[in-house]
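> Dumping the structure here so I can ask a few things about it.
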Amino acid sequence: MIMSSIQEIQQEIVEEFEMFDDWMQRYEYMIELGKSLPLIEEKYKTDEYIIKGCQSKVWVHADLNEDKIEFTADSDAIITKGIIAILIRSFSGQPPQEILDADTSFIDKIGLKEHLSPTRANGLVSMIKQIKLYAIAYQAKAGN
Amino acid sequence: MASVSTPLTFDVKSIRKDFPILNRKVNEKPLVYFDNAATSQTPQQVIAVIVDYYSNYNANIHRGVHALSQEATDAYEQARIKLQKHFNIPNAYQTLFTSGTTHGINIVASGYAEILKQGDEVIVSALEHHSNIVPWQMLCEKTGAVLKVIPMTDSGELDMSAFEELLSNKTKLVFVNHVSNALGTVNPIEFIIEKTHAVGGAVLVDGAQAAPHIKADVQALDVDFYVVSGHKMCGPTGVGMLYGKEKWLDQLPPYQGGGEMIDQVTFEKTTYAGLPHKFEAGTPNICGGIAFGAALDYMNAIGFNTIAAYEHELLEYATEKLKAIDGLRIYGESKEKTAVISFNIEGIHPYDIGTILDKLGVAVRTGHHCAQPIMDFYKIPGTVRASFAFYNTKEEIDVLVAAVERAKNMLS
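Order-wise, the sequence lines are chains D and P.
One point on numbering: in the UniProt record's numbering, the residue at position 139 of the first sequence is 139, and numbering is uninterrupted.
One point on numbering: in the UniProt record's numbering, the residue at position 385 of the second sequence is 385, and numbering is uninterrupted.
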């Protein structure tokens with residue numbers, strides 16, 4: 001199976017969200033997506049893996065698997081879980097460089113623009129930053 | 001004598017016309033604004049004062065000889081007198097303008113850094129906002145004083161017998177809020193002040209959450225310091241008030257150096273100006289101070305008894321309606337409460353509820369409300385807090401209740 005590119009996956013997510021007419025259906029779908037989130041192992045649910053800047057708790061962990069980064073995560077808030085699930089679906093299984101180069105404007109397209117504001121308590125911006133930091137770290141490691 | 005106004009004579013519909021922001025929509029829904037404990041909305045009478053200031057007499061105060069400066073100075077000093085009268089402060093010079101409650105607390109805390117000695121004790125309550133905890137922790141670190149905490153009970157009230165046990169002749173200062181921002185509990189400050197004075201200590205009361213609902217009389221309370229914020233009382237942000245007893249204000253050193261706060265300056269020695277200027281270095285928030293005065297006029301014209309009675313009616317109505325929702329728990333069930341309801345629904349994160357409520361046009365606060373020790377006490381990440389003002393209605397509460405039901409269905 002050929003792995004889809006980040007852009008292709010993001011386009012797929014945008015198309016899925018376009019099927020809904022209103023915010024409520026979009027949120028319900030997002031909550032649904034949260035349920036499919038690849039869950040972080042309990043041992044990583046520590047302060048070390050917590051993302052700062054969120055009102056709810058969000059933990060993200062990353063592993064390198066054959067030059068590709070696999071993300072797992074969890075949150076104690078269900079909407080936040082949906083948001084992180086969307087991000088992970090788009091970035092997990094991709095090489096570090098692709099993750100670093102990817103833009104995140106698809107968030108805007110799926111009607112979640114309000115979550116991009118830096119003051120927003122769920123810290124979507126912090127989540128993206130953390131995912132990119134993992135990519136930088138693994139890229140540096142691979143370069144050694 | 002005219003009887004005290006009751007909610008029956010209170011016409012909320014006409015009051016609402018004073019607040020242009022209440023007409024706006026959020027997410028295509030009419031705004032229901034229930035975050036009044038964070039900041040209150042501004043009536044057009046206050047907005048007009050702000051526009052008038054910048055349109056007609058914007059100038060720096062206390063130093064110009066020209067007409068504009070004179071007019072601005074007069075208006076600012078008149079606002080000080082409005083504050084003085086409202087809180088029944090003995091003298092205008094004990095009525096200090098600040099940038100807000102946090103600033104007022106910091107003026108006192110930094111001043112006490114020069115007064116406290118190692119081994120002195122200061123007492124804080126478990127119901128405090130971070131702004132009334134952190135400055136005192138910093139103060140204790142600096143001076144070697146010991147910080148003690150009045151514990152809270154499950155109903156969200158302070159344990160007064162534990163408080164009495166904390167008091168001793170080492171107690172120099174007690175700081176407590178008049179009303180808890182997270183739970184709405186009205187604290188027994190009269191008792192706290194009396195007991196603290198009996199051991200020779202002073203009391204600072206953070207009145208930020210009380211002032212929009214309760215007209216405090218600082219002389220009747222015999223309180224040593226009382227601090228408030230303008231933006232919670234229909235005024236603008238960036239302005240507040242610190243009242244202090246003269247004996248304390250004279251003892252405390254100035255908070256900031258700069259213009260206005262000096263008497264004579266040479267490179268050898270500066271002598272400080274008298275009160276209130278000693279604590280008012282630099283150009284103040286002139287327009288904000290004047291508008292704060294106008295906000296007090298506005299609220300006093302309605303009457304604080306009327307406001308309190310109507311808000312209490314809203315509180316009782318909302319409490320009953322929200323309690324009927326299965327799995328909903330209200331935090332803070334003191335008999336003496338302002339119109340604040342902090343709640344959670346079993347198994348649902350407060351942040352999730354807040355997000356859905358926002359989508360439905362209902363503005364509430366979610367999180368720890370800058371009162372993390374309270375959340376730790378209840379072992380919860382935070383709450384959803386709906387806080388009401390006199391311009392809110394029962395119909396809006398119905399919208400909130402329906403929105404909470406809808407959020408619950410979506411999220412569970």
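Where is the CB? At the ideal position from N, CA and C, for every residue including glycine.
For residue 191 of chain P, count neighbouring Cβ atoms within 10 angstroms of its own Cβ and tell me buried if that reaches 16, exposed if not.
Answer is exposed; the Cβ neighbour count stays below 16.
> Can you grab the Cα-Cα spacing for the pair residue 17 of chain P / residue 385 of chain P, in whole Å?
So the two alpha carbons sit approximately 25 Å from each other.
> Between which two residues does the beta strand (DSSP E) carrying residue 68 of chain D extend?
Counting along the chain, the beta strand (DSSP E) containing residue 68 of chain D begins and ends at 68-75.
> Quick one: is residue 299 of chain P buried, meaning 16 or more other Cβ sit within 10 Å of its Cβ, or exposed?
Classification of residue 299 of chain P: buried, given that the 10 Å Cβ count is 16 or more.
> If contact means a Cβ-Cβ distance below 8 Å, which residues of the region 75-88 of chain D contact chain P?
So the close ones are 76, 77, 78, 79 and 80.
> Could you work out which residues of chain P lie near residue 27 of chain D, taking near to mean beta carbons separated by less than 9 Å?
Within chain P, the residues near residue 27 of chain D are 355, 356, 359 and 410.
> Quick check for students: name the residue ranges of the alpha helix (DSSP H) that lie wholly in the region 274-304 of chain P, counting only runs of 4 or more.
Runs found: 286-302.
> Three or more C-beta pairs closer than 8 Å, one from the region 179-194 of chain P and one from the region 219-230 of chain P: is that the case here?
Touching, per the Cβ criterion.
> Provide the residue(s) that pair with residue 419 of chain P in DSSP beta bridges, ordered along the chain.
Missing from the structure shown is residue 419 of chain P; chain P here goes from 1 to 412 and no further.
> Starting from residue 419 of chain P, trace the beta strand (DSSP E) both ways and give me its first and last residue.
With chain P covering only 1 through 412, there is no way to say anything about residue 419 of chain P.
> So is residue 103 of chain P buried or exposed if we call it buried at 16+ other beta carbons inside 10 Å?
So residue 103 of chain P counts as buried.
> Could you tell me whether the Cβ of residue 129 of chain P comes closer than 7 Å to any Cβ of chain D?
Cβ-Cβ to chain D under 7 Å: no for residue 129 of chain P.
> Can you find a C-beta in chain D that's less than 7 Å from the C-beta of residue 470 of chain P?
With chain P covering only 1 through 412, there is no way to say anything about residue 470 of chain P.
> Among P/88, P/158, P/115 and P/152, whose alpha-carbon lies nearest the alpha-carbon of residue 139 of chain P?
Ranking the options by Cα distance to residue 139 of chain P, first place goes to P/115.
> So, using beta-carbon positions, are residue 287 of chain P and residue 50 of chain P closer together than 7 Å?
The answer is yes: Cβ separation under 7 Å.
> Just tell me which of P/388, P/360, P/373 and P/317 has its CA closest to the CA of residue 29 of chain P.
Closest option to residue 29 of chain P, Cα to Cα, is P/360.
> How about residue 349 of chain P: is its C-beta nearer than 7 Å to some C-beta of chain D?
Yes, because at least one Cβ of chain D sits closer than 7 Å to the Cβ of residue 349 of chain P.
> Any idea which residues DSSP pairs residue 328 of chain P with across the strands?
Looking at the DSSP assignment, residue 328 of chain P forms a beta bridge with P/345.
> Show which residues of chain D have a CB atom less than 7 Å away from the CB atom of residue 352 of chain P.
Here the neighbours are 77, 78 and 79.
> Residues of the region 366-398 of chain P in Cβ contact with chain D at a cutoff of 8 Å, in chain order, please.
Of all residues in the region 366-398 of chain P, 366, 367, 381 and 382 have a Cβ within less than 8 Å of some Cβ in chain D.
> Under a three-way DSSP split, which group does residue 308 of chain P fall into?
The answer is helix: DSSP assigns residue 308 of chain P an H, G or I state.
> Taking only beta-carbon positions, decide if residue 90 of chain D is within less than 7 Å of chain P.
It does not; no Cβ of chain P falls within 7 Å.
> In terms of alpha-carbon separation, which member of P/383, P/315 and P/333 lies closest to residue 390 of chain P?
Residue 390 of chain P has its Cα closest to that of P/315, out of P/383, P/315 and P/333.
> Locate the beta strand (DSSP E) running through residue 11 of chain P, then write down its first and last residues.
Looking at the DSSP string, residue 11 of chain P is not in any beta strand (DSSP E), and its letter there is neither H nor E.
> Kindly list the residues whose CB is nearer than 8 Å to the CB of residue 2 of chain P, restricted to its own chain and excluding five residues on each side of it in sequence; keep chain order.
Unreliable positioning characterises residue 2 of chain P in this predicted model, as indicated by a pLDDT of 42, which lies under 50. A coordinate reading is not provided.
> Under 8 Å by Cβ, that's how I've got residue 157 of chain P and residue 14 of chain P pegged, so tell me the actual separation to the nearest angstrom.
Not really, about 37 Å apart at Cβ, beyond 8 Å.
> Could you give the C-beta distance for residue 9 of chain D and residue 89 of chain D, rounded to a whole number, given that I count them as a contact under 8 Å?
Confirmed, Cβ separation roughly 6 Å.
> Quick check on the DSSP output: what are the complete alpha helix (DSSP H) runs of length 4 or more inside the region 169-230 of chain P, in order along the chain?
Qualifying alpha helix (DSSP H) stretches, in chain order: 189-198 and 218-221.
> When you compare the CB of residue 130 of chain D with every CB in chain P, is at least one pair closer than 7 Å?
For residue 130 of chain D, the answer is no, since every Cβ of chain P falls outside 7 Å of its Cβ.
> Need the endpoints of the alpha helix (DSSP H) that residue 6 of chain D sits in, please.
Counting along the chain, the alpha helix (DSSP H) containing residue 6 of chain D begins and ends at 6-18.
> Ends of the beta strand (DSSP E) at residue 63 of chain D?
Residue 63 of chain D -> beta strand (DSSP E) spans 58-65.
> For a cutoff of 7 Å on Cβ pairs, would you count residue 126 of chain D as touching chain P?
False, the Cβ-Cβ gap to chain P never drops below 7 Å.
> Can you list the residues of chain P that residue 23 of chain D reaches, using a CB-CB cut of under 9 Å?
Near residue 23 of chain D (Cβ distances below 9 Å), the residues of chain P are 27 and 359.
> What is the rounded straight-line gap between the Cα of residue 42 of chain P and the Cα of residue 251 of chain P?
Looking at the two C-alpha atoms, the distance is approximately 37 Å.
> State yes or no: is the C-beta of residue 179 of chain P within less than 7 Å of the C-beta of residue 186 of chain P?
Yes; because the gap between Cβ atoms is below 7 Å, this pair is in contact.
> Can you tell me whether residue 95 of chain P is helix, strand or coil according to DSSP?
Strand at residue 95 of chain P.
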